[in-house]
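Chemist: The structure is given below, and queries will be raised subsequently.
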């Protein structure tokens with residue numbers, strides 16, 4: 124039982140890591156129906172920016188709390204700016220064009236950003252100094268969960284609630300829902316869809332940056348390549364939960380985390396990814412639109 | 020039409036303009052040496068140091084007037100450690116009429132490329148391909164390496180576990196890759212021969228953000244030591260997550276981890292980790308010179324397999340000089356008969372192509388440094 | 078469209094230049110290095126002006142390029158290019174010209190390995206393998222409209238068919254004195270059939286799914302295939318793979334690498350021509366039409382009495398067949414296979430070849446595959462900037478040619494006097 128609980132908690136922690144990235148993924152997908160392959164790269168850039176600014180402020184003797192605050196804020200701003208720019212350059216000209224074209228563009232952007240960071244920074248793995256606090260009271264339970272995992276879990280929950288509120292109750296949220304439902308119709312009733320899509324990318328990328336800082340702090344390392352793998356897993360999680368649905372992305376991530384963790388614990392980690400993909404296949408066979416996805420009616 | 024669109028090309032040009040380094044062009048006629056390995060992609064960090072090493076050695080030689088009056092020119096081809104790209108890189112080098120090749124970096128890519136080099140009679144000398152059959156199968160008489168094969172390393176690791184650390188029950192993890200899994204399997208085999216129980220033998224996904232599930236599993240198996248076959252990024256996550264959970268059992272790994280980047284990345288968690296690796300030669304004056312040159316030329320500490328690549332380049336150029344020609348048979352003979360002073364020591368090669376005069380030792384991280392255990 | 082002043086344009090480009098200087102500042106100017114757990118930042122101010130100047134110039138070019146693209150889009154017939162195309166099209170429509178240019182192309186293709194040497198021959202073989210793959214995937218994506226992100230798995234099935242044949246049947250061939258090169262010719266049809274079976278098997282559970290859900294499921298299958306190959310230990314050689322796979326039998330001769338490359342080159346050419354022939358036949362057949370109908374609208378298509386399940390199965394099966402064939406050629410060319418050659422990334426590259434060439438268009442897909450495989454080879458001179466430039470090239474192509482380089486031409490049926498349906 125104790126072993127199960129440990130595995131369950133590490134699955135939860137892992138799930139919340141996936142969720143941080145999957146939230147941005149699912150948001151963008153929900154609105155523009157684009158599998159944004161570059162999302163993982165934005166997450167990586169968020170991590171790098173935080174490392175750069177964090178290092179700079181720390182070397183100037185700023186207290187750790189402020190270092191954390193400023194580096195996170197700047198990394199959010201920069202990731203958002205990257206998301207905004209990428210959308211404008213590589214996705215907007217393709218709106219209304221075949222959907223596969225936008226997908227290929229996204230893959231191209233992912234390659235460009237990865238190699239850009241490789242060339243402008245380094246090909247090496249770098250240590251990622253964590254400025255996150257450590258909770259003393261958690262020490263006795265260290266075999267189950269650590270401070271960073273707890274923070275990630277908390278942040279995921281907060282973001283999920285905030286995003287849901289944003290989409291449900293604000294003006295821009297309404298516009299987002301309208302755009303998601305029918306882009307042309309939304310335009311006809313006066314929604315500035317360019318603006319809505321830009322905002323979506325900005326928010327999605329900002330989330331990726333938060334993910335980047337937290338996850339890199341947890342892993343203790345960063346490298347230009349971390350985005351690709353994380354992006355694929357997050358995408359799987361988002362599809363599992365029903366792509367386009369905010370709570371779905373979180374639930375899907377947890378299901379993925381638990382599956383992998385319990386599969387590793389009781390069977391073998393050799394097939395960790397296989398468990399993830401098998402649960403994906405099984406769930407999609409039962410519910411073709413994911414756990415919380417809305418069933419789409421087909422029209423002729 | 021009010022489109023304010025920005026520029027993707029900006030990325031391209033910006034990076035091109037800004038980053039394009041200076042690459043010298045040598046004058047003909049020259050002795051062409053191929054350098055092949057992963058210079059882009061996710062394994063670039065293992066391949067680029069080899070290019071740097073080759074450049075430094077060649078620069079040295081050319082500054083001294085070249086080999087027998089001829090300048091040496093490098094032809095650098097990327098294979099991203101992928102077999103199919105490796106064959107293309109190899110074909111390109113053959114077409115470019117190189118006389119020998121330094122590379123490839125990964126064992127898989129090396130295997131794919133060696134078929135072509137063998138048929139084209141080109142000496143190939145790898146700084147890092149440790150897969151045992153490359154030399155032991157006898158299939159590739161043109162293959163040499165400046166690193167000991169994995170089985171030597173695994174045997175050393177297994178003996179260290181049983182005789183020095185006196186462990187009884189261990190967990191063996193690997194990264195599912197050619198290199199990591201190969202090492203892990205050999206350690207398992209030798210350790211079991213020594214009477215150790217291998218309670219856990221599992222592959223984990225390289226690049227995953229979190230290994231806490233498998234760490235829990237290690238805890239549950241109540242082992243008294245962990246062996247890792249693979250590279251350092253995963254190793255540092257593993258030790259970090261193990262120590263976070265209060266597990267303080269010995270952690271032993273391979274030369275993919277015996278890299279200063281591991282200590283840099285894992286920080287305080289690296290303390291006490293054991294790794295087998297090429298015997299430390301950094302106090303060797305030639306090694307000191309190579310590293311200083313690297314810092315001067317490239318402004319950074321050299322990366323993985325740098326000294327091995329440096330030695331490979333030196334041994335190769337020395338053999339060409341001693342052979343007095345670029346004839347395949349003469350180079351092979353010179354490599355096997357001539358001893359040469361390199362950053363790795365006084366080395367030569369045996370008939371199978373494995374290095375003589377340089378082997379493996381066990382290291383431990385002590386106070387943020389790898390210390391060789393005698 | 079009112080003419081804008083150049084000043085206004087320059088102003089905009091300046092704003093963009095400033096934006097990029099700010100955006101790229103941390104990554105370009107501040108170089109981070111971490112030693113002993115402390116991050117240090119080194120400033121490279123000298124790079125900043127370059128960023129600004131490049132951003133300024135490029136944003137200006139970009140604007141012009143986008144306007145050009147817009148103009149071209151609005152004005153379908155016009156433009157010099159359009160005219161050339163129409164003229165060229167009419168010219169090419171003449172059977173004599175068409176045949177003679179095809180013959181010329183073929184002659185060039187035959188002369189190619191003798192003209193350019195081993196390296197270029199090898200590269201061309203790889204390109205041809207990708208042409209076969211892309212044509213196969215085009216059946217699935219272009220005709221059937223089913224997004225498949227696990228296509229590399231079928232490619233792997235083919236390569237492993239040959240690899241395993243060599244590993245298990247090879248020794249007895251060698252023992253009984255038969256040239257193991259024969260295995261290639263045995264494996265070639267076998268791999269096609271086995272891959273087809275895999276295609277049918279895997280498509281059974283996914284028939285209910287549509288669009289991106291289908292894509293992710295195929296991705297999952299592709300990854301599972303690779304994992305099984307990786308973890309199956311000694312049976313498939315695991316991560317170590319299978320090496321020293323023999324080259325195809327050629328009248329009992331052991332060919333040196335240059336000759337062997339030429340030989341495989343011709344095998345590949347024949348297979349490419351065969352693929353083109355078959356794929357064109359499929360396109361114009363009853364099945365091909367049904368597939369196109371399915372791509373346009375599944376529900377309407379079903380209402381018209383077309384059996385969707387059967388068609389989807391056929392799509393996957395046909396697509397997988399060619400991947401299997403390509404896999405065998407690949408194994409014969411590299412003589413070494415391991416699971417790393419069949420990753421998700423490989424599937425993505427094949428998909429890119431299809432889309433960039435022009436989804437559904439056979440000449441487009443061929444061009445796309447050749448371009449995608451040749452570019453990185455010829456970009457080798459760019460060293461470490463290769464993949465960066467490659468990515469940029471992909472994005473540019475897709476933005477300026479969103480329907481692909483050679484878009485698919487719909488069959489047009491004209492009524493007398495009246496324009497037919499689009």
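Protein chains in written order, with this note's numbering: chain P, 124 to 423; chain V, 20 to 393; chain R, 78 to 499. Positions of the beta carbon are idealized from the N, C-alpha and C atoms, including for glycine.
1. How is the alpha helix (DSSP H) around residue 396 of chain R delimited, first residue to last?
2. I want to verify the contact list: residues of chain R whose CB lies under 8 Å from the CB of residue 59 of chain V, in sequence order.
3. Please classify residue 266 of chain R: is it buried, with 16 or more other beta-carbons within 10 angstroms of its beta-carbon, or exposed?
4. Residue 367 of chain R CB to nearest chain V CB: under 9 Å?
5. Does the stretch 392-400 of chain P come close enough to the stretch 130-146 of chain P to have 3 or more Cβ pairs within less than 8 Å?
6. With 16 other CB atoms within 10 Å as the buried threshold, where does residue 318 of chain P fall?
7. Give the straight-line distance between the Cα atoms of residue 407 of chain P and residue 96 of chain V, rounded to the nearest whole angstrom.
8. Kindly say whether residue 349 of chain P, judged by its beta-carbon, lies nearer than 9 Å to any beta-carbon of chain V.
9. What residues from chain V crowd round residue 391 of chain P, counting only those whose CB sits closer than 7 Å?
10. With DSSP run on the structure shown, which of helix, strand or coil describes residue 277 of chain V?
11. Distance, Cα to Cα, residue 485 of chain R vs residue 161 of chain V?
12. Beta-carbon separation of residue 276 of chain R and residue 398 of chain R under 9 Å?
13. Are residue 261 of chain P and residue 165 of chain P close, meaning C-beta to C-beta below 9 Å?
14. Name the chain R residues that come within less than 8 Å of residue 379 of chain P, Cβ to Cβ?
15. Got a sec? Which residues, its chain only, sit under 6 Å from residue 306 of chain R by beta carbon, not counting five neighbours each side?
16. Using Cβ-Cβ distances below 8 Å, what residues of the stretch 193-210 of chain P are close to chain V?
17. Could you tell me the alpha carbon to alpha carbon distance between residue 238 of chain R and residue 411 of chain P, rounded to whole angstroms?
18. According to DSSP, simplified to helix, strand and coil, what is residue 7 of chain V?
19. Short of 9 Å Cβ to Cβ, which residues in the stretch 130-150 of chain P face chain V?
20. Mind pulling the chain V residues with CB within less than 8 Å of residue 238 of chain R?
21. Tell me the DSSP secondary structure of residue 99 of chain R in three-state form.
22. Does any CB atom of chain V fall closer than 9 Å to the CB of residue 107 of chain R?
23. Which same chain residues end up closer than 8 Å to residue 390 of chain V when comparing Cβ atoms and leaving out the 5 residues on each side of it in sequence?
24. If you follow the beta strand (DSSP E) that residue 291 of chain R is in, where does it begin and where does it stop?
25. What would DSSP say about residue 367 of chain V, mapped onto helix, strand or coil?
26. For residue 383 of chain V, which of helix, strand or coil comes out of DSSP?
27. Leaving out five residues on either side along the sequence, give the residues of the same chain with a beta carbon under 7 Å from the beta carbon of residue 78 of chain V.
28. For the stretch 237-261 of chain V, which residues have a beta carbon sitting closer than 8 Å to at least one beta carbon of chain P?
29. Would residue 338 of chain P count as contacting chain V if we go by Cβ distances under 9 Å?
30. Can you give me, in chain order, the residues of the stretch 125-136 of chain V that have a beta carbon less than 7 Å from any beta carbon in chain R?
31. Would you decide whether residue 389 of chain P is buried or exposed? Buried here means 16 or more other CB atoms lie within 10 Å of its CB.
32. Cβ of residue 196 of chain R less than 9 Å from any chain V Cβ?
33. Please go through the same chain and pick out, in chain order, the residues whose beta-carbon is closer than 6 Å to the beta-carbon of residue 335 of chain R, but skip the five residues on each side of it.
34. Quick one: what's got a C-beta closer than 8 Å to residue 204 of chain R's C-beta in the same chain, skipping five residues either side?
35. Of all Cβ atoms in chain P, is any one closer than 9 Å to the Cβ of residue 42 of chain V?
36. With a floor of 3 residues, list each beta strand (DSSP E) that falls wholly inside the stretch 94-182 of chain V, ordered by position along the chain.
Modeler: So, from the listed chains and residues:
1. Here residue 396 of chain R refers to the residue found at position 319 when the third chain is read from its first residue. Where residue 396 of chain R is concerned, the enclosing alpha helix (DSSP H) stretches over 385-411.
2. Counted from its first residue, the second chain places residue 59 of chain V at position 40. Those within 8 Å of residue 59 of chain V in chain R are 461, 463, 464.
3. Along the third chain, one-based indexing puts residue 266 of chain R at 189. That one is exposed.
4. Here residue 367 of chain R is taken as the residue at index 290 of the third chain, counted from 1. Closer than 9 Å: no.
5. no
6. The residue given as residue 318 of chain P occupies position 195 in the first chain. Flag for residue 318 of chain P reads exposed.
7. Locating residue 407 of chain P in the first chain gives position 284, where the first residue counts as 1. Locating residue 96 of chain V in the second chain gives position 77, where the first residue counts as 1. Approximately 44 Å between the Cα atoms of the pair.
8. Walking along the first chain from the start, residue 349 of chain P turns up at place 226. So, interface residue.
9. As a working note, residue 391 of chain P is residue 268 in the first chain. The answer, in chain order, is 221.
10. If you number the second chain from 1, residue 277 of chain V lands on position 258. DSSP places residue 277 of chain V in coil when its eight states are reduced to three.
11. Here residue 485 of chain R is taken as the residue at index 408 of the third chain, counted from 1. Here residue 161 of chain V is taken as the residue at index 142 of the second chain, counted from 1. So the two alpha carbons sit approximately 50 Å from each other.
12. Along the third chain, one-based indexing puts residue 276 of chain R at 199. Along the third chain, one-based indexing puts residue 398 of chain R at 321. Contact: yes.
13. Residue 261 of chain P sits at position 138 when you count from the first residue of the first chain. Residue 165 of chain P sits at position 42 when you count from the first residue of the first chain. No.
14. Here residue 379 of chain P refers to the residue found at position 256 of the first chain. Near residue 379 of chain P there are no residues of chain R at all, since even the closest Cβ is about 12 Å away, more than 8 Å.
15. As a working note, residue 306 of chain R is residue 229 in the third chain. Within the same chain, residue 306 of chain R has close Cβ partners 313, 416.
16. 208
17. The count along the third chain starts at 1 and reaches residue 238 of chain R at position 161. The count along the first chain starts at 1 and reaches residue 411 of chain P at position 288. Rounded to whole angstroms, residue 238 of chain R to residue 411 of chain P spans 33 Å at the Cα level.
18. A query on residue 7 of chain V cannot be resolved here, the shown segment of chain V reaching from 20 to 393 and no further.
19. 130, 132, 133, 134, 136, 137, 140, 141
20. Here residue 238 of chain R refers to the residue found at position 161 of the third chain. Under the 8 Å cutoff, chain V gives no residues; its nearest Cβ is about 17 Å from residue 238 of chain R.
21. Stepping through the third chain from its first residue, residue 99 of chain R is reached at position 22. Of the three classes helix, strand and coil, the one that applies to residue 99 of chain R here is helix, per DSSP.
22. Walking along the third chain from the start, residue 107 of chain R turns up at place 30. Answer no: the Cβ-Cβ gap between residue 107 of chain R and chain V never drops below 9 Å.
23. Residue 390 of chain V sits at position 371 when you count from the first residue of the second chain. Taken in chain order, the residues that qualify are 382, 383, 384.
24. Indexing the third chain from 1 puts residue 291 of chain R at position 214. Element bounds for residue 291 of chain R: not the beta strand (DSSP E) but the alpha helix (DSSP H), 288-308.
25. The residue labelled residue 367 of chain V in the question sits at position 348 within the second chain. Residue 367 of chain V falls in the strand class under three-state DSSP.
26. Taking the second chain and counting its residues from 1, the one referred to as residue 383 of chain V is at position 364. Residue 383 of chain V: strand per DSSP, three-state reduction.
27. Residue mapping note: residue 78 of chain V aligns to position 59 of the second chain, counting from 1. If we look at residue 78 of chain V and ignore the five residues flanking it on each side, it has no Cβ neighbours.
28. 238, 239, 251, 252, 255, 256, 259
29. Within the first chain, residue 338 of chain P is the residue found at index 215, counting from 1. So, interface residue.
30. 127, 130, 131, 134, 135
31. Here residue 389 of chain P corresponds to residue number 266 of the first chain, with the count starting at 1. When all chains shown are included, residue 389 of chain P counts as exposed.
32. Sequence index remark: in the third chain, residue 196 of chain R carries index 119 (1-based). For residue 196 of chain R, the answer is yes, since a Cβ of chain V falls inside 9 Å of its Cβ.
33. Translated into positions along the third chain, residue 335 of chain R becomes position 258. Taken in chain order, the residues that qualify are 195.
34. For the purposes of this step, residue 204 of chain R is taken as the residue at position 127 of the third chain. Excluding positions up to five away in sequence, the list reads 446, 447, 450, 451.
35. Residue mapping note: residue 42 of chain V aligns to position 23 of the second chain, counting from 1. Interpretation of residue 42 of chain V is limited by its pLDDT of 36, a score under 50 that renders its predicted location unreliable; the figure taken from the coordinates is listed afterwards. With 9 Å as the cut-off, residue 42 of chain V does not count as an interface residue toward chain P.
36. 119-121, 142-145, 162-164
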